[in-house]
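In this note's numbering, the protein residues as written are 4 to 254.
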């Protein structure tokens, strides 16, 4: 969606995998917030590649994983770009985490990935499609705009194997060494997915200094709500300030 005029093999590329319950294409709100973040960064060397993977129910597990792996492989192995910042929100963070896992662990029956991203941005990862209705699903259902029933339905459209660790990365082991040195992990404390997001944070080894919790924040509301803001107002949000400060350390 943005290609730098100064693009070289060493230029930073934001490899953005959008969310949407594995059932929606990229929404205008996600694109608007991403572009507003880019504008706030004031760095014309950065390019942004949005991964337009196929979605359910027409395209089911593991096709989106295979497509994301293919594009990442082409960008890094075939085209030779090495300075990658991988970013995903919700279901997109699920897929982004699998890219990190595949680089480290080289799963059989999938395309081998060898280039580790220089940084990772994981926003409200939806990483357990088999979760039960308890904990934050009940505690936060009065605050969030998504529900347990909604995520279970979206998950059923995506896969008949919600317990499969590749559908639910929270169930994967061997995460040691998978994360890059620079990580931005963000979520809201009012999310129905809060329990799994925090369990995943601990499992994959995100350090406390890399965690950004938005008070009263609902699921990826920086994309849903902040996208409507003017550029000036968007740049006053904690999400924009924190993400821009992070990106300045890697681009």
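Here a beta-carbon is modelled for each residue, glycine too, at the ideal position from N, C-alpha and C.
What did DSSP end up calling residue i once you bin it into helix, strand or coil?
i	result
residue 83	coil
residue 185	strand
residue 254	coil
residue 92	strand
residue 16	strand
residue 50	strand
residue 4	coil
residue 190	strand
residue 119	coil
residue 113	coil
residue 41	helix
Locate the alpha helix (DSSP H) running through residue i, then write down its first and last residues.
i	result
residue 200	197 to 207
residue 157	151 to 161
residue 29	No alpha helix (DSSP H) holds residue 29; DSSP gives it neither H nor E.
residue 225	224 to 227
residue 45	Where residue 45 is concerned, there is no enclosing alpha helix (DSSP H), given that its DSSP letter is neither H nor E.
residue 67	66 to 76
Residue i: buried (16+ other C-beta within 10 angstroms of its C-beta) or exposed?
i	result
residue 21	buried
residue 97	buried
residue 248	exposed
residue 119	buried
residue 148	exposed
residue 208	exposed
residue 222	buried
residue 45	exposed
residue 131	buried
residue 33	buried
residue 211	exposed
Following the continuous beta strand (DSSP E) through residue i, name the residue where it begins and the one where it ends.
i	result
residue 217	214 to 217
residue 123	122 to 126
Contact between the stretch 32 to 43 and the stretch 130 to 149 (3+ Cβ pairs under 8 Å): Contact fails between the stretch 32 to 43 and the stretch 130 to 149, because fewer than three Cβ pairs, one in each stretch, are under 8 Å apart.
The stretch 190 to 205 / the stretch 8 to 19 touching (three or more Cβ pairs under 8 Å): Proximity of the stretch 190 to 205 to the stretch 8 to 19 falls short of the contact definition, fewer than three beta-carbon pairs being nearer than 8 Å.
Contact the stretch 160 to 173 vs the stretch 85 to 92: 3+ CB pairs below 8 Å: The answer is no - the stretch 85 to 92 does not touch the stretch 160 to 173, with fewer than three Cβ pairs under 8 Å.
Three or more C-beta pairs below 8 Å linking the stretch 211 to 218 and the stretch 21 to 34: Contact annotation: the stretch 211 to 218 does not touch the stretch 21 to 34, with fewer than three C-beta pairs closer than 8 Å.
Three-pair Cβ contact test at 8 Å for the stretch 187 to 199 versus the stretch 54 to 72: No: the two stretches stay apart, fewer than three of their Cβ pairs being nearer than 8 Å.
Segment contact flag, the stretch 167 to 184 with the stretch 149 to 156, C-beta cutoff 8 Å, min 3 pairs: Three or more Cβ pairs closer than 8 Å define a contact, and the stretch 167 to 184 falls short of that threshold against the stretch 149 to 156.
Cβ contact check for the stretch 227 to 247 and the stretch 91 to 111: 3 or more pairs under 8 Å: Segment contact: the stretch 227 to 247 against the stretch 91 to 111, fewer than three CB-CB distances shorter than 8 Å; contact not assigned.
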